[in-house]
């Protein structure tokens with residue numbers, strides 16, 4: 005019952021948040037200076053096309069009815085056409101979305117895999133070697149520019165050590181028959197070892213780049229929560245009654261730490277779904293981010309706004325799912 | 102460290118007043134001195150020459166202002182000093198076994214099984230994401246051979262014994278579903294789960310409603326008695342000591358000021374500090390508020406004089422000649438040159 | 002009864018006095034700083050030559066230098082000192098380097114060494130000179146954008162708490178929606194719509210950061226507004242404005258200062274990223290992100306220095322700012 009109410013409340017929140025997001029993209033497209041008609045059809049369009057667009061979008065109407073138009077369009081799945089690719093933006097995005105999801109997912113898994121255990125271990129003893137290492141790693145990881153890190157990794161692992169494939173997206177090797185659009189999954193489904201290997205090899209550097217930069221804040225947060233928990237009264241009590249250190253860490257401290265850390269990880273994943281732009285650009289990864297940048301550079305704006313809207317929505321939805329899961333898991337909210 | 106401190110020998114009085122008849126005390130703390138920082142860079146000495154004996158089945162109160170080192174003494178007994186603190190000298194014996202320098206493994210085995218503790222703020226001292234019963238059952242399993250099922254049913258029995266209604270059902274609840282009083286009962290159940298010889302109760306009623314305080318204290322005393330265990334009750338309230346404990350040790354600024362049977366310590370205090378503490382609690386006829394002048398000194402080194410000298414109404418020049426030794430006087434021990 | 006005064010040093014009263022004195026002068030300082038920043042930023046927008054970035058940096062140096070001098074705090078001091086050194090380098094460094102725009106085809110893509118410490122790029126421009134000049138732009142834009150975000154976000158956050166009700170929840174929902182957008186993609190979208198130029202970049206970076214301050218100030222102020230000491234001040238008949246400046250904002254100062262430092266770092270990262278994908282500063286301008294981009298094309302030929310040095314510059318500036326923030330947050 006409590007769960008139903010909670011989910012209901014979160015769904016209301018979802019609607020409000022999506023409304024806010026649409027309002028912001030609307031403001032960006034229609035209200036900021038510049039003729040929005042050009043944003044839709046591109047600067048090379050001729051006079052009559054522009055006229056037609058102004059007519060269609062109702063740009064001569066008052067702002068609120070323009071917003072109505074915009075919402076109706078978005079809800080009918082019409083995000084405009086890209087004049088660069090000559091396709092509807094929705095089609096283009098459907099083609100590129102799996103590449104971004106694959107990269108973001110692998111990066112998120114890697115980021116959690118290195119940062120959370122490291123954060124937990126480094127918090128156990130102050131001024132230990134792992135504590136110092138964690139300090140350096142989180143400091144550098146938070147500060148290093150993503151695109152530059154990607155370049156350095158390419159320089160080292162492709163040019164000098166020749167361990168990684170060329171940074172030209174994911175087109176090398178055989179492409180498995182499409183089921184999900186995620187090459188790693190598809191090649192497993194097809195049972196194609198060679199395709200899987202080449203998919204993983206091409207994923208490695210971009211995913212590692214993202215894992216380093218997004219794992220660093222996660223490391224910091226995990227370490228902070230772990231320290232706080234280890235210093236808490238209930239841990240002191242457990243220790244004072246002879247509970248062994250292993251159980252203190254694993255049974256008593258970890259659940260308290262993993263609850264907030266999982267929220268952070270979900271936020272990170274939601275962010276990654278729209279935050280792979282730079283890395284996609286550096287590694288020519290054919291996802292949403294690269295699509296957005298290529299479109300901007302060709303003055304083709306409809307895809308950019310669609311990408312912005314899409315990534316904001318996916319963030320909100322990932323966050324919502326995590327929130328509800330939390331409500332179910334955490335004993336403090338469950339009853 | 103001053104010259105005076107170095108020359109002040111920790112003279113150990115023989116035990117004229119030890120309860121029982123020559124049997125080994127359950128807890129025997131002798132000349133316990135604890136410092137923060139390393140020997141080369143000593144930052145402070147919060148405990149200096151603590152003597153504390155608790156006999157089998159005895160209830161001892163450890164009384165003092167906040168900051169006097171009561172809780173730190175408990176931590177030192179359990180071998181759980183905070184980071185950066187170490188035992189400089191002295192010994193802590195539990196049933197005759199030396200704990201200072203004992204292995205972590207041995208200490209962990211003793212904690213919970215032979216000596217246990219319950220803290221103030223009971224709701225914070227239970228884990229919020231584990232069930233109350235599960236936490237008690239774990240302590241039972243850690244110290245014995247009990248299976249998961251046995252330990253759980255023992256935990257339920259313990260909760261019921263401590264007066265938790267519907268114990269079987271409530272054992273599956275989390276601490277946020279417990280009231281403060283119930284949480285403290287659960288903490289008592291957990292502390293007594295392995296029938297320890299010594300229970301340390303560190304301000305167990307602080308933060309509870311006044312009406313609950315008495316109930317919880319009585320429960321603690323009763324349950325400890327029924328197990329023939331000893332109780333070390335840490336409190337700042339000398340009235341609590343008077344109504345619940347046979348013996349009382351008064352601490353001030355990391356030292357023992359006076360120790361002996363509660364009736365004589367509170368009825369006829371020999372140390373001016375005990376006297377002041379009693380007056381401050383308004384337990385003597387004088388109804389007027391009494392405040393002890395001055396503040397508790399911060400100890401950055403071993404003081405070479407009586408720590409209370411600055412605030413003491415009876416201070417004399419000889420109080421500053423050295424640390425007053427804890428000497429036997431009639432039925433008790435007093436650290437005051439004027440006593 | 003003889004009452005003996007305590008021999009222990011009376012730390013508490015002395016410390017308390019200092020806090021009171023500091024609180025008294027703080028509103029003035031905050032006001033001055035905000036006013037200067039506002040004037041400078043207005044000037045900045047109207048100044049197509051972005052000469053005012055230099056003014057921003059000068060003022061910063063003037064503000065930061067006494068802090069280094071004053072600061073007795075051993076944790077914060079080194080970080081502030083490094084920061085001051087960076088600002089100083091950005092300010093006067095360019096006076097001692099070669100012309101960062103001077104083309105020299107004969108010397109194109111020279112390896113680092115000799116007079117050319119960092120080598121040259123494909124047009125023979127001195128990379129060292131460009132990195133130093135880039136510091137002025139990157140730090141200037143970073144500080145300006147973060148300052149603008151604070152100026153807008155902090156009062157909004159404080160107002161949200163004071164007003165409460167609908168105003169508060171609407172503002173909160175909007176800022177939450179803002180945070181759903183990946184910063185860079187949102188900035189890209191806006192640049193795409195409006196077109197890049199330095200004042201616009203500052204505005205955009207500021208806009209995407211306003212919600213951060215709004216929420217930060219809101220969450221820092223909310224628990225204080227109903228605190229006993231504020232109630233006490235109110236009972237003592239103090240005016241709302243006095244209460245805000247004297248009792249509430251000083252308590253928020255530390256978090257906001259820490260956040261400000263982080264935010265300058267973000268701003269630098271966003272600017273560099275925008276330039277890296279070709280949507281930041283116009284082409285020949287020495288800017289770190291744009292330089293990394295130029296170097297990326299040279300990587301294929303093994304000419305690492307073109308993009309490595311400007312990248313190190315970004316890392317150094319961002320790292321310093323983040324360290325400063327950490328130390329301000331924890332080190333007092």
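Protein chains in written order, with my numbering: chain A, 5 to 339; chain B, 102 to 440; chain C, 2 to 333.
Yeah, the Cβ is synthetic: ideal placement off N, Cα and C, and Gly gets one too.
Touching by the beta-carbon criterion (3+ pairs, under 8 Å), the segment 142 to 161 of chain A and the segment 305 to 318 of chain C: yes
CA-to-CA distance, residue 251(B) to residue 358(B), given in whole angstroms: The sequence position of residue 358(B) within the second chain is 257, counting from 1. The sequence position of residue 251(B) within the second chain is 150, counting from 1. About 46 Å.
Simplified DSSP assignment, three categories, for residue 435(B): Position 334 of the second chain holds residue 435(B). Strand at residue 435(B).
Chain A contact for residue 198(C) (CB, 9 Å cutoff): Reading the third chain from its first residue, position 197 is the one you call residue 198(C). Taking Cβ atoms only, chain A never reaches closer than 9 Å to residue 198(C), which makes this a no.
Which residues DSSP lists as bridging residue 361(B), in chain order: In the second chain, counting from the first residue as 1, residue 361(B) sits at position 260. In DSSP, residue 361(B) forms a bridge with 349(B).
Exposure of residue 21(A), with buried meaning 16 or more beta-carbon neighbours within 10 Å: To locate residue 21(A), count along the first chain from 1; it is residue 17. So residue 21(A) counts as buried.
Short-range partners of chain A found in the segment 182 to 215 of chain C, where Cβ spacing is below 9 Å: 182, 183, 184, 185, 186, 187, 189, 190, 191, 192, 193, 194, 195 and 196
N- and C-terminal bounds of the beta strand (DSSP E) containing residue 150(B): On the second chain, position 49 is the one that residue 150(B) refers to. Unbroken beta strand (DSSP E) run through residue 150(B): 145 to 155.
Identity of the residues DSSP links to residue 190(B) by a beta bridge: In the second chain, residue 190(B) corresponds to position 89, counting from 1. Residue 190(B) pairs with 134(B).
DSSP three-state assignment for residue 132(A), whether helix, strand or coil: Here residue 132(A) refers to the residue found at position 128 of the first chain. Coil at residue 132(A), not helix or strand.
Residue 205(B) burial status per 10 Å Cβ neighbour count (16 or more: buried): Position 104 of the second chain holds residue 205(B). Exposed, since its Cβ has fewer than 16 Cβ neighbours within 10 Å.
Buried or exposed by the 16-neighbour rule on C-beta atoms within 10 Å, applied to residue 267(B): Locating residue 267(B) in the second chain gives position 166, where the first residue counts as 1. Per the 10 Å Cβ criterion, exposed.
Proximity of residue 331(B) and residue 325(B) at Cβ, strictly below 9 Å: The residue you call residue 331(B) lines up with position 230 of the second chain. The residue you call residue 325(B) lines up with position 224 of the second chain. Yes, these two residues count as a Cβ contact at 9 Å.
Buried versus exposed call for residue 301(A) [16 or more other C-beta atoms within 10 Å across all chains shown]: Start at 1 with the first residue of the first chain, and residue 301(A) comes out as number 297. Classification for residue 301(A): exposed.
Check whether residue 28(A) and residue 182(C) have beta carbons under 9 Å apart: Here residue 28(A) refers to the residue found at position 24 when the first chain is read from its first residue. Here residue 182(C) refers to the residue found at position 181 when the third chain is read from its first residue. Cβ distance < 9 Å, so residue 28(A) and residue 182(C) count as in contact.
Straight-line gap, residue 380(B) to residue 222(B) (C-alpha atoms, nearest Å): Here the question's residue 380(B) lines up with position 279 in the second chain. Here the question's residue 222(B) lines up with position 121 in the second chain. If I take the Cα positions, the gap works out to 28 Å.
CB contact below 9 Å: residue 151(A) versus chain C: Residue mapping note: residue 151(A) aligns to position 147 of the first chain, counting from 1. For residue 151(A), the answer is yes, since a Cβ of chain C falls inside 9 Å of its Cβ.
Alpha carbon of residue 22(C) to alpha carbon of residue 181(B), nearest angstrom: Along the third chain, one-based indexing puts residue 22(C) at 21. Along the second chain, one-based indexing puts residue 181(B) at 80. Reliability of the predicted coordinates at residue 22(C) is poor, the pLDDT of 38 falling under 50, and no value is obtained from them.
Residue 214(A) and residue 171(A) closer than 9 Å at C-beta: In the first chain, the residue the question calls residue 214(A) occupies position 210. In the first chain, the residue the question calls residue 171(A) occupies position 167. It is not a contact, given that the beta carbons lie outside the stated cut-off.
CB contact check: residue 256(A) to chain B, cutoff 9 Å: Working through the first chain from its first residue, we reach residue 256(A) at position 252. Yes, residue 256(A) lies at the interface with chain B (some Cβ there is under 9 Å from its Cβ).
Inter-stretch contact (C-beta, 8 Å, three-pair minimum) for the segment 81 to 91 of chain A and the segment 163 to 181 of chain A: no
Check whether residue 153(B) and residue 216(B) have beta carbons under 9 Å apart: As a first step, residue 153(B) is located in the second chain; it is residue number 52 there, counting from the start. As a first step, residue 216(B) is located in the second chain; it is residue number 115 there, counting from the start. No, the pair does not count as a contact, with Cβ atoms beyond the cut-off.
Host alpha helix (DSSP H) of residue 258(B) (start-end): Along the second chain, one-based indexing puts residue 258(B) at 157. Residue 258(B) -> alpha helix (DSSP H) spans 249 to 262.
Span separating the alpha-carbon of residue 287(A) from that of residue 113(A): Translated into the one-based positions of the first chain, residue 287(A) becomes position 283. Translated into the one-based positions of the first chain, residue 113(A) becomes position 109. Distance between the alpha carbons of residue 287(A) and residue 113(A) is about 19 Å.
Local conformation of residue 280(B) per DSSP, three classes: For the purposes of this step, residue 280(B) is taken as residue 179 along the second chain, with counting starting at 1. It is coil, neither helix nor strand.
Per DSSP, the bridge partner or partners of residue 156(C): Translated into positions along the third chain, residue 156(C) becomes position 155. Answer by DSSP bridge pairing: none, since residue 156(C) is not bridged.
Cβ shell of residue 188(A) (< 6 Å), same chain only, five flanking positions each side left out: Against the first chain, residue 188(A) aligns to sequence position 184. Excluding sequence neighbours, residue 188(A) sits near 203.
Nearest-angstrom Cα separation, counted from residue 321(A) out to residue 159(A): Your numbering for residue 159(A) matches position 155 in the first chain. Your numbering for residue 321(A) matches position 317 in the first chain. Cα to Cα, the separation comes out at about 37 Å.
Residues from the segment 135 to 164 of chain A in contact with chain C, defined by Cβ distance under 8 Å: 143, 144, 146, 147, 148, 149, 150, 151, 152, 155, 156, 158, 159 and 163
Chain-ordered chain A contacts of residue 259(C) [CB-CB under 7 Å]: The residue given as residue 259(C) occupies position 258 in the third chain. Residues of chain A passing the Cβ test: none, with the nearest at roughly 14 Å.
Per-residue DSSP class, three states only, for residue 302(B): Position 201 of the second chain, counted from the first residue, corresponds to residue 302(B). Here residue 302(B) sits in strand by DSSP.
From 140(B), 294(B) and 158(B), residue whose alpha carbon lies closest to that of residue 124(B): By one-based count along the second chain, residue 124(B) stands at place 23. Comparing Cα positions, the closest option is 158(B).
Between the CA atoms of residue 132(B) and residue 191(B) - distance to the nearest angstrom: To locate residue 191(B), count along the second chain from 1; it is residue 90. To locate residue 132(B), count along the second chain from 1; it is residue 31. Those two C-alpha atoms are separated by around 5 Å.
Proximal residues to residue 326(C) (C-beta, below 6 Å), its chain only, five neighbours per side dropped: The count along the third chain starts at 1 and reaches residue 326(C) at position 325. Hits under 6 Å: 259, 262 and 263.
When 133(A), 263(A), 337(A) and 278(A) are compared against residue 108(A), the one with the closest alpha-carbon: Taking the first chain and counting its residues from 1, one reaches residue 108(A) at position 104. Comparing Cα-Cα distances from residue 108(A) to each of 133(A), 263(A), 337(A) and 278(A), the minimum goes to 278(A).
Contacting residues, own chain, Cβ-Cβ under 7 Å from residue 222(C) (five flanking each side not counted): Position 221 of the third chain holds residue 222(C). Same-chain partners within the cutoff: 158, 159, 162, 249 and 253.
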